[in-house]
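Visitor: Just so we're on the same page, the working numbering is the position in the sequence shown counted from 1, plus 363.
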Amino acid sequence: MKKHRWFAALAVMVMALAVAGCSNPSSGTGNSGDDNPVSQQPDYSKCVVGDFVLKDGTILSKDKTPESDTVAAVIVRAAADGKPALGVGIVHKKSAWCTESATGYNTDITALQGNKTSDYMDGSDGWEILKKACSDAESNPGNYPAWNYSLTYAETNGLTRDLAEGWYLPTVAELYTIYQNKTAVDASLLKAGGSQFGTSYYWSCCQSSSYNFYARGLYFDGGLMYDYAKDYGYDYVCSVRAFN
Numbered sequence: 364m365k366k367h368r369w370f371a372a373l374a375v376m377v378m379a380l381a382v383a384g385c386s387n388p389s390s391g392t393g394n395s396g397d398d399n400p401v402s403q404q405p406d407y408s409k410c411v412v413g414d415f416v417l418k419d420g421t422i423l424s425k426d427k428t429p430e431s432d433t434v435a436a437v438i439v440r441a442a443a444d445g446k447p448a449l450g451v452g453i454v455h456k457k458s459a460w461c462t463e464s465a466t467g468y469n470t471d472i473t474a475l476q477g478n479k480t481s482d483y484m485d486g487s488d489g490w491e492i493l494k495k496a497c498s499d500a501e502s503n504p505g506n507y508p509a510w511n512y513s514l515t516y517a518e519t520n521g522l523t524r525d526l527a528e529g530w531y532l533p534t535v536a537e538l539y540t541i542y543q544n545k546t547a548v549d550a551s552l553l554k555a556g557g558s559q560f561g562t563s564y565y566w567s568c569c570q571s572s573s574y575n576f577y578a579r580g581l582y583f584d585g586g587l588m589y590d591y592a593k594d595y596g597y598d599y600v601c602s603v604r605a606f607n
């Protein structure tokens, strides 16, 4: 009788351990056979403006304070109306749109013409458009410093895995969205130790509709759109990415 009780107790313990080792099928987390949890795809559709996307791809509420050097991006547009959430990289720099020697300097790139509310508004394919219009873009991306900064943003800032790609130079419309949410965005950028938009001038990827050698930007003190010479190297550049 005692022997039977011992076997019964052992069986219960084995079953309990088996259940404890299984993941909850609805949570997406648990043990994968070793001590590392199975990663769960973050639901970026629930992000609000100001939320943090960390370097491991996870989301941190804007109401929290992230640890030093952990933030990849700050959400500048929540997912809505068929558009995914949009995030901006936390490091910005001053740069020219292109050099005076670049083919694009005196080229009217009509496919890139856009403003705050119409025409070219989603810059995710901007580099492909530029390459079609400018023969030197693919072979000499350094001729287009603002573009090249955005294209290499992940590599420059140590972002890997899913965050290693998808970064681009925003349109005027996308910059204007950031401007409209500037208070929340800058507050989170400050928490993350990043660059704030403040009252600075920022290049967009858009071509001026007035002059071949002008590109378009946005002034963050008032949200005014402006055109200026493409080789001017004292306006800021940021890099954005869709999160979906």
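No residue lacks a Cβ here, since even glycine has one placed at the ideal position from N, Cα and C. Quick caveat: nothing in here was measured; it's all calculated off a predicted structure.
#1: Could you tell me if residue 545 is buried or exposed, where buried requires 16 or more neighbouring beta carbons within 10 angstroms of its beta carbon?
#2: Let's see if you can read the secondary structure: which residues bound the beta strand (DSSP E) around residue 450?
#3: Here's the rule: buried if 16 or more other CB atoms are within 10 angstroms of the residue's CB, otherwise exposed. What is residue 459?
#4: What is the rounded straight-line gap between the Cα of residue 427 and the Cα of residue 590?
#5: Find the nearest neighbour of residue 579 within the set 566, 501, 448 and 495, judged by alpha-carbon distance.
#6: Given a threshold of 16 other Cβ atoms within 10 Å of its Cβ, counted over all protein chains shown, does residue 606 qualify as buried or as exposed?
#7: Name the residue from 421, 416 and 504 whose alpha carbon lies nearest to the alpha carbon of residue 490.
#8: Which of helix, strand or coil does DSSP assign to residue 532?
#9: Report buried or exposed for residue 571, applying the criterion of at least 16 other Cβ atoms within 10 angstroms of its Cβ.
#10: Short check: CB of residue 552 to CB of residue 530, under 8 Å?
#11: Could you check the C-alpha separation between residue 485 and residue 466 for me, to the nearest Å?
#12: Just verifying my parser: in three-state terms, what is the DSSP assignment at residue 460?
#13: Can you check which of these residues, 463, 479 and 498, is closest to residue 542 by C-alpha distance?
#14: Can you confirm whether the segment 469-477 touches the segment 424-439 when touching is taken to mean that 3 or more C-beta pairs between the two stretches lie within less than 8 Å?
#15: Using CA coordinates, which residue listed in 518, 452, 561 and 520 is at the minimum distance from residue 604?
#16: Quick check: the Cα distance between residue 510 and residue 532, rounded to an integer number of angstroms?
#17: Using a Cβ-Cβ cutoff of less than 7 Å, which residues in the same chain neighbour residue 538 once the five nearest sequence positions on both sides are dropped?
Guide: Taking the definition as stated:
#1: If you number the sequence shown from 1, residue 545 lands on position 182. Residue 545 should be labelled buried.
#2: Counting from one through the sequence shown, the residue named residue 450 turns up at place 87. Residues 448-452.
#3: Looking up residue 459 in the sequence shown gives position 96. Answer is buried; the Cβ neighbour count reaches 16.
#4: The sequence position of residue 427 within the sequence shown is 64, counting from 1. The sequence position of residue 590 within the sequence shown is 227, counting from 1. Distance between the alpha carbons of residue 427 and residue 590 is about 38 Å.
#5: As a working mapping, residue 579 is identified with position 216 in the sequence shown. The shortest C-alpha separation from residue 579 is found at 566.
#6: Along the sequence shown, one-based indexing puts residue 606 at 243. Result: buried.
#7: The sequence position of residue 490 within the sequence shown is 127, counting from 1. It is 504.
#8: Indexing the sequence shown from 1 puts residue 532 at position 169. Note: residue 532 maps to coil in three-state DSSP.
#9: Position 208 of the sequence shown holds residue 571. Flag for residue 571 reads buried.
#10: As a first step, residue 552 must be located in the sequence shown, where it is residue number 189. As a first step, residue 530 must be located in the sequence shown, where it is residue number 167. No. Outside cutoff.
#11: If you number the sequence shown from 1, residue 485 lands on position 122. If you number the sequence shown from 1, residue 466 lands on position 103. Cα to Cα, residue 485 sits roughly 23 Å from residue 466.
#12: The residue given as residue 460 occupies position 97 in the sequence shown. The answer is coil: DSSP assigns residue 460 none of H, G, I, E or B.
#13: Taking the first residue of the sequence shown as 1, we reach residue 542 at position 179. Taking only the C-alpha atoms, the option nearest residue 542 is 479.
#14: no
#15: In the sequence shown, the residue the question calls residue 604 occupies position 241. Out of 518, 452, 561 and 520, 452 has the C-alpha closest to the C-alpha of residue 604.
#16: Taking the first residue of the sequence shown as 1, we reach residue 510 at position 147. Taking the first residue of the sequence shown as 1, we reach residue 532 at position 169. Using only the alpha carbons, I get a separation of about 6 Å.
#17: If you number the sequence shown from 1, residue 538 lands on position 175. The residues are 565, 567 and 581.
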